[in-house]
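Trainee: The structure follows.
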Amino acid sequence: YNAAISACGKGQQWKHALKLLAHLEHCGLKPDVVSYTAVMQALVNASQLNSAFGLLDRVQEDPPSGGDLYPFYHTLLAACRRTNDERTSELQRRMDRLGLSSTTVVAKYMIDGKEHRQVNGMECGMVDDKVEDLYERVCERTPYSPRMESVPFGFAQRKSDRNQINSLKYHAEKKALASLLHHAAPELKIRVDVKVCVDCHLFFTHAARLLRRPIHVLDTSRQHVFRED
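For the sequence shown, the working numbering begins at 2 and goes up steadily by one.
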């Protein structure tokens with residue numbers, strides 16, 4: 002069911018996503034966090050924010066057991082920020098009351114048979130320099146531009162645009178890609194323990210075309226393959 006609901010999000014088939022959710026429950030199954038997050042993604046992709054808030058209220062009344070609800074809430078928060086929805090601040094307050102915040106992101110990848118890891122943020126090392134070079138190339142040679150809605154709302158309220166762009170630039174996934182390229186890895190394969198953010202998704206889309214190489218990213222929701230064509 003979760004895979005089918007996720008597919009609806011890509012095709013903006015939000016009504017079908019809601020029907021699948023209802024059918025899941027009709028069969029005696031209880032939706033989990035992944036189910037609700039996939040439906041939320043389908044709703045925001047189709048700009049159905051009122052329905053998305055209705056789903057939010059439903060989840061608040063009967064939260065699913067287990068799993069981190071931050072991606073579910075953040076999917077709606079990012080959409081509200083992108084559209085300047087007047088409910089953005091109230092949604093952030095809801096998240097604060099529930100203690101929902103992003104967890105430490107870890108991106109994993111293999112070089113010469115050994116696992117390496119990257120986390121968000123600058124480290125003042127070789128990888129940072131490689132990220133800077135890669136980011137500059139993608140910005141200059143492709144239509145990519147930073148998606149500021151991927152920055153945590155509280156951080157965006159306090160920081161300048163430059164600080165926000167630097168935050169996006171040094172996401173763990175981008176650092177992992179830069180490291181793979183630096184070590185001339187034969188395959189660009191990355192695993193990340195959260196859902197890939199909108200900004201990294203766009204960045205990898207353009208980077209794959211610029212590099213003329215496929216990039217594979219496995220996140221908590223699905224396997225992404227960014228094609229070179």
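Glycine included, every Cβ here is placed at the ideal spot set by N, Cα and C.
If contacts are defined as beta-carbon pairs under 8 Å, then Leu70 and Leu56 qualify, I think. What distance do you get, rounded to the angstrom?
Mentor: Not quite, the Cβ-Cβ distance comes to about 12 Å (not below 8 Å), so this is no contact.
Trainee: Under 8 Å by Cβ, that's how I've got His183 and Cys201 pegged, so tell me the actual separation to the nearest angstrom.
Mentor: Actually they do not touch by this definition, with Cβ atoms about 18 Å apart.
Trainee: On the DSSP letters alone, give me the boundaries of the beta strand (DSSP E) that Val193 sits inside.
Mentor: Its beta strand (DSSP E) spans residues 189 to 193.
Trainee: Tell me whether the beta-carbon of Ile191 lies closer than 8 Å to the beta-carbon of Tyr110.
Mentor: Yes. Within cutoff.
Trainee: Starting from His117, trace the alpha helix (DSSP H) in both directions and tell me its first and last residue.
Mentor: First-last for His117: 115 to 120, but that is the beta strand (DSSP E), not the alpha helix (DSSP H).
Trainee: Do three or more CB pairs link the segment 195 to 209 to the segment 138 to 150 at distances below 8 Å?
Mentor: As far as the Cβ criterion goes, the segment 195 to 209 touches the segment 138 to 150, which means the pair count is three or higher.
Trainee: Quick one: Cα of Leu211 to Cα of Ala18, how far?
Mentor: Each residue's Cα considered, the two are about 34 Å apart.
Trainee: Determine the burial state of Asp58: buried for a count of at least 16 other Cβ atoms within 10 Å of its Cβ, exposed for fewer.
Mentor: The residue in question, Asp58, is exposed, as its Cβ has fewer than 16 Cβ neighbours within 10 Å.
Trainee: So with Cβ pairs under 8 Å, would you call Ser161 a contact of chain D?
Mentor: Looking at the structure shown, chain D is missing, and only one protein chain is on hand.
Trainee: Roughly how many whole angstroms lie between the Cα atoms of Pro64 and Lys170?
Mentor: So the two alpha carbons sit approximately 34 Å from each other.
Trainee: Assuming the contact rule is C-beta atoms closer than 8 Å, Val218 and Val193 should be a hit. Round their C-beta distance to whole Å, please.
Mentor: At roughly 6 Å, the Cβ-Cβ gap stays under 8 Å, so Val218 and Val193 are in contact.
Trainee: Looking at the secondary structure, which residues open and close the beta strand (DSSP E) in which Leu56 lies?
Mentor: First-last for Leu56: 50 to 62, but that is the alpha helix (DSSP H), not the beta strand (DSSP E).
Trainee: To the nearest angstrom, how far is it from the Cα of Thr76 to the Cα of Lys115?
Mentor: Roughly 33 Å separates the two Cα atoms.
Trainee: List the endpoints of the continuous alpha helix (DSSP H) containing Met127.
Mentor: Segment 127 to 142, the alpha helix (DSSP H) holding Met127.
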